[in-house]
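Numbering (this note's numbering), first residue to last: 1 to 73.
Heads up, the beta-carbon is just placed ideally off N, CA and C, and yes, glycines get one too.
Bear in mind the structure is a predicted one, so any value in this text is a computation, not a measurement.
In what follows, a single structure is set out as structure tokens and then discussed.
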Amino acid sequence: MTCRTFGPPVRTGNHDTLGICELCFDGATTEEISACEMKVDPDGLEQPLVEEVEKASGTRGKTIVAFALLKQA
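Here it is in structure tokens:
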């Protein structure tokens, strides 16, 4: 199950630290936590898609999924 507050373990900041919910991984070893790590955009697809949307829409900035879906409707 995924923590509803923290989500899955992902690398944060300088990418040396795995961000986790301590309650979800109480008693887990470092190896067990690492096995649950989610790689964010492992294929590097996000940036080209963002650039394509910015070029097509003429807008720039941070987005959220709900806003992006609303624009498609």
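Beta bridge counterpart(s) of residue i as assigned by DSSP
| i | result |
| --- | --- |
| Thr12 | Thr17 |
| Gly7 | Cys3 |
Cβ neighbours of residue i in the same chain (closer than 7 Å, five flanking residues each side left out)
| i | result |
| --- | --- |
| Thr2 | Pro8 |
| Thr30 | none |
CB contact flag (residue i, residue j, <7 Å)
| i | j | result |
| --- | --- | --- |
| Glu54 | Arg60 | yes |
Helix, strand or coil at residue i according to DSSP, with G and I counted as helix
| i | result |
| --- | --- |
| Pro48 | helix |
| Lys55 | helix |
| Glu22 | coil |
Same chain, Cβ closer than 8 Å to residue i, five either side skipped, listed in chain order
| i | result |
| --- | --- |
| Glu32 | Phe25 |
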